[in-house]
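S.K.: A single structure is presented below for examination.
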Amino acid sequence: MSRKVTKAIFPVAGLGTRFLPATKSIPKEIMTLVDRPLIQYAIDEARAAGIKEFIFVTSRGKGALEDYFDHAHELESNLKKANKTELLDILRSTNMDSGAIAYIRQHKALGLGHAVWCARRLVGNEPFAVILTDDVIMGEPPCLQQMIEAYQETGGSMVATMEVPSEKTKAYGVLDIAEDMGAIVRARGMVEKPKENPPSNLAVIGRYILAPSVMQNLNKLKQGSGGEIQLTDAIADEIEEGRDVFGLRFRGERFDCGSKAGFLQATVAFGLARDDLKHEFGEYLEDIMSMRKAAE
Ligand code: UTP
């Protein structure tokens with residue numbers, strides 16, 4: 001099996017209820033972190049990792065997301081006429097090559113596993129990446145690139161992981177570790193949101209490189225399940241069937257932009273990382289922190 005990963009699935013069909021009322025009319029993925037929508041961060045990370053085909057699993061009401069990747073001819077020619085080359089470069093960086101993007105509909109929000117399964121025909125018999133745009137990661141090299149480099153050594157399937165305190169493991173899929181090799185661990189199992197006795201503190205976050213057999217596992221789950229179809233279950237089945245699943249402790253910081261607190265934290269971190277904003281924004285943050293302290 002080739003270890004070249006050129007296709008990535010972006011499941012963006014969720015309802016985004018935690019951001020209502022904003023998500024009543026805007027897809028969550030279009031929400032803006034500093035000046036770029038969440039989806040742009042995910043696309044940039046995928047491109048840096050060598051992804052060539054971008055598969056979006058969408059749903060009703062996600063039209064703005066499809067429009068975002070169209071060439072904005074009028075805007076481009078206005079910027080060109082006005083000689084605004086910097087803005088033109090920013091705008092052009094969002095353009096996608098013809099045929100590089102495919103959209104598939106998930107007709108019902110039946111879970112992340114189901115959303116990934118909807119892309120099975122586009123993925124075919126190749127390893128593929130899955131990127132959850134809610135998880136924005138600040139890392140150098142970008143997280144997916146770190147994973148692809150690790151995957152070249154290991155093969156199998158690979159999930160991105162981070163250490164979390166024991167009391168937080170119940171919010172994540174958690175790895176049961178068979179062998180700890182430092183940055184890479186081999187998994188013995190995977191438990192979705194353990195209520196008690198988590199098998200480790202290694203939580204799975206929204207980046208995956210998956211063997212095509214995961215699609216076949218999803219196929220079986222689909223036939224057997226009445227409720228949500230979990231991606232975690234299909235990955236855990238890989239281990240049960242004797243195939244390798246690895247976790248990578250990636251280098252970087254992950255922000256949960258699917259939650260309000262996480263989105264605000266990401267706004268601060270990405271704002272402070274920008275040369276054009278860090279002074280003014282940093283001073284403002286220092287001022288409000290000292291005002292808060294003085295009021296205590
Ligand atoms: P979430 O659990 O964050 O759900 O999905 P959500 O609907 O986006 O948001 P809330 O919880 O209602 O606020 C994690 C990822 O899986 C995708 C989502 O779009 C998001 O990227 N997803 C989830 C689907 O594509 N389809 C589904 O049926 C469920």
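Each step along the sequence shown adds one to the number in UniProt numbering, with nothing skipped, and position 245 is 245. The beta-carbon is built from N, C-alpha and C at its ideal position, and this holds for glycine as well.
1) Cβ of residue 111 versus every heavy atom of the ligand UTP: is any distance shorter than 7 Å?
2) Anyone know if the C-beta pair for residue 126 and residue 220 falls short of 8 Å?
3) Would the stretch 263-278 count as touching the stretch 18-36 if we require 3 or more Cβ pairs under 8 Å?
4) Given residue 259, which residues of its chain have a CB within under 8 Å of its CB, disregarding the five upstream and five downstream residues?
5) By Cβ distance, which residues of its chain are closer than 7 Å to residue 152, with the 5 residues on each side in sequence left out?
6) In whole angstroms, what separates the C-alpha of residue 157 from that of residue 209?
7) In three-state terms, what does DSSP make of residue 51?
8) Per DSSP, what kind of secondary structure is residue 32 in: helix, strand or coil?
9) Hey, how far is the Cα of residue 102 from the Cα of residue 43?
10) Under DSSP, the beta strand (DSSP E) around residue 270 begins and ends at which residues?
11) Would you call the CB atoms of residue 213 and residue 254 closer than 8 Å?
12) Measuring alpha carbon to alpha carbon, tell me which of 169, 41, 279, 179 ends up nearest residue 203.
13) Go ahead and pull the three-state DSSP assignment for residue 250.
14) Where do the N-terminal and C-terminal ends of the alpha helix (DSSP H) with residue 161 fall, by residue?
15) Would you say the stretch 110-121 touches the stretch 60-67, given that touching needs at least three Cβ pairs under 8 Å?
16) Return helix, strand or coil for residue 101, following the three-state DSSP convention.
17) Do the stretch 68-85 and the stretch 10-26 make contact, defined as three or more Cβ pairs closer than 8 Å?
18) Do residue 148 and residue 49 have their beta-carbon atoms positioned less than 8 Å apart in this structure?
19) Counting only the same chain and skipping the five closest in sequence on each side, list residues whose C-beta sits under 6 Å from that of residue 16.
20) Report whether the distance from the Cβ of residue 33 to the nearest heavy atom of the ligand UTP is below 7 Å.
21) Per the DSSP calculation, residue 208 is bridged to which residue(s)?
22) Which whole-angstrom value is the C-beta distance of residue 110 and residue 229, which I expect to be below 8 Å?
23) Beta strand (DSSP E) containing residue 69: first to last residue?
24) Closer than 7 Å: is that where the CB of residue 119 sits relative to any heavy atom of the ligand UTP?
25) Which of the three DSSP states is assigned to residue 214 in this structure?
26) Check this for me: beta carbons of residue 201 and residue 163, under 8 Å apart or not?
27) Using DSSP's beta-bridge definition, name the partner residues of residue 186.
28) Closer than 7 Å by C-beta to residue 236: which residues in its own chain qualify, once you throw out the five before and the five after it? Chain order, please.
29) Give me the Cα-Cα distance between residue 269 and residue 171, rounded to the nearest whole angstrom.
30) Starting from residue 300 and walking both ways along the beta strand (DSSP E), at which residues does that stretch end?
31) Determine the direct distance from the alpha carbon of residue 129 to that of residue 86, and round the result to whole angstroms.
M.R.: Put simply:
1) Against the sequence shown, residue 111 aligns to sequence position 111. Closer than 7 Å to some heavy atom of the ligand UTP: that describes the Cβ of residue 111.
2) On the sequence shown, residue 126 is found 126 positions in, with the first residue counted as 1. On the sequence shown, residue 220 is found 220 positions in, with the first residue counted as 1. Taking 8 Å as the cut-off, the beta carbon of residue 126 is found no closer than this to the beta carbon of residue 220.
3) Between the stretch 263-278 and the stretch 18-36, the count of C-beta pairs closer than 8 Å reaches three or more; the two stretches touch.
4) Taking the first residue of the sequence shown as 1, we reach residue 259 at position 259. Around residue 259: 18.
5) Indexing the sequence shown from 1 puts residue 152 at position 152. The residues are 3.
6) As a first step, residue 157 is located in the sequence shown; it is residue number 157 there, counting from the start. As a first step, residue 209 is located in the sequence shown; it is residue number 209 there, counting from the start. So the alpha carbons of these two residues sit roughly 6 Å apart.
7) Taking the first residue of the sequence shown as position 1, residue 51 is located at position 51. DSSP, read as helix, strand or coil, puts residue 51 in coil.
8) In the sequence shown, the residue the question calls residue 32 occupies position 32. DSSP places residue 32 in the strand class (E or B) of the three-state scheme.
9) Counting from 1 along the sequence shown, the entry for residue 102 is found at position 102. Counting from 1 along the sequence shown, the entry for residue 43 is found at position 43. Residue 102 and residue 43 have their C-alpha atoms roughly 13 Å apart.
10) Walking along the sequence shown from the start, residue 270 turns up at place 270. For residue 270, there is no enclosing beta strand (DSSP E); the enclosing alpha helix (DSSP H) covers residues 260-272.
11) Residue 213 sits at position 213 when you count from the first residue of the sequence shown. Residue 254 sits at position 254 when you count from the first residue of the sequence shown. No.
12) Looking up residue 203 in the sequence shown gives position 203. With distances taken between CA atoms, residue 203 lies nearest to 169 out of 169, 41, 279, 179.
13) On the sequence shown, position 250 is the one that residue 250 refers to. Coil.
14) Reading the sequence shown from its first residue, position 161 is the one you call residue 161. Per DSSP, residue 161 belongs to no alpha helix (DSSP H); it is in the beta strand (DSSP E), 157-163.
15) Too few Cβ pairs lie closer than 8 Å, so no.
16) Taking the first residue of the sequence shown as 1, we reach residue 101 at position 101. Reduced to three states, the DSSP call for residue 101 is strand.
17) The count of Cβ pairs closer than 8 Å, one atom from the stretch 68-85 and one from the stretch 10-26, stays below three, leaving the stretches out of contact.
18) Locating residue 49 in the sequence shown gives position 49, where the first residue counts as 1. Locating residue 148 in the sequence shown gives position 148, where the first residue counts as 1. It is a contact, given that the beta carbons lie within the stated cut-off.
19) Here residue 16 corresponds to residue number 16 of the sequence shown, with the count starting at 1. Non-local beta-carbon contacts of residue 16 in its own chain, meaning distances under 6 Å to residues more than five positions away in sequence, involve 23, 28 in chain order.
20) Translated into the one-based positions of the sequence shown, residue 33 becomes position 33. No - the ligand UTP has no heavy atom lying nearer than 7 Å to the Cβ of residue 33.
21) Taking the first residue of the sequence shown as 1, we reach residue 208 at position 208. Answer is 130, 159.
22) For the purposes of this step, residue 110 is taken as the residue at position 110 of the sequence shown. For the purposes of this step, residue 229 is taken as the residue at position 229 of the sequence shown. Between residue 229 and residue 110 the Cβ distance is about 6 Å, and since that is below 8 Å, they are a contact.
23) Working through the sequence shown from its first residue, we reach residue 69 at position 69. Here residue 69 belongs to no beta strand (DSSP E), and DSSP marks it neither H nor E.
24) Stepping through the sequence shown from its first residue, residue 119 is reached at position 119. Answer for residue 119: no, Cβ out of range of the ligand UTP.
25) Position 214 of the sequence shown, counted from the start, is the residue given in the question as residue 214. When DSSP states are grouped into helix, strand and coil, residue 214 belongs to the helix group.
26) Numbered from 1 along the sequence shown, position 201 holds the residue referred to as residue 201. Numbered from 1 along the sequence shown, position 163 holds the residue referred to as residue 163. Contact flag set, yes.
27) Here residue 186 refers to the residue found at position 186 when the sequence shown is read from its first residue. Per DSSP, the beta-bridge partners of residue 186 are 179, 246.
28) Numbered from its first residue, the sequence shown carries residue 236 at position 236. These residues qualify, in order along the chain: 189, 190.
29) The residue labelled residue 269 in the question sits at position 269 within the sequence shown. The residue labelled residue 171 in the question sits at position 171 within the sequence shown. The alpha-carbon of residue 269 is positioned some 23 Å away from that of residue 171.
30) One cannot answer for residue 300 here, as it falls past the ends of the chain, which runs 1 to 296.
31) Numbered from 1 along the sequence shown, position 86 holds the residue referred to as residue 86. Numbered from 1 along the sequence shown, position 129 holds the residue referred to as residue 129. A straight line joining the alpha-carbon of residue 86 with that of residue 129 spans about 32 Å.
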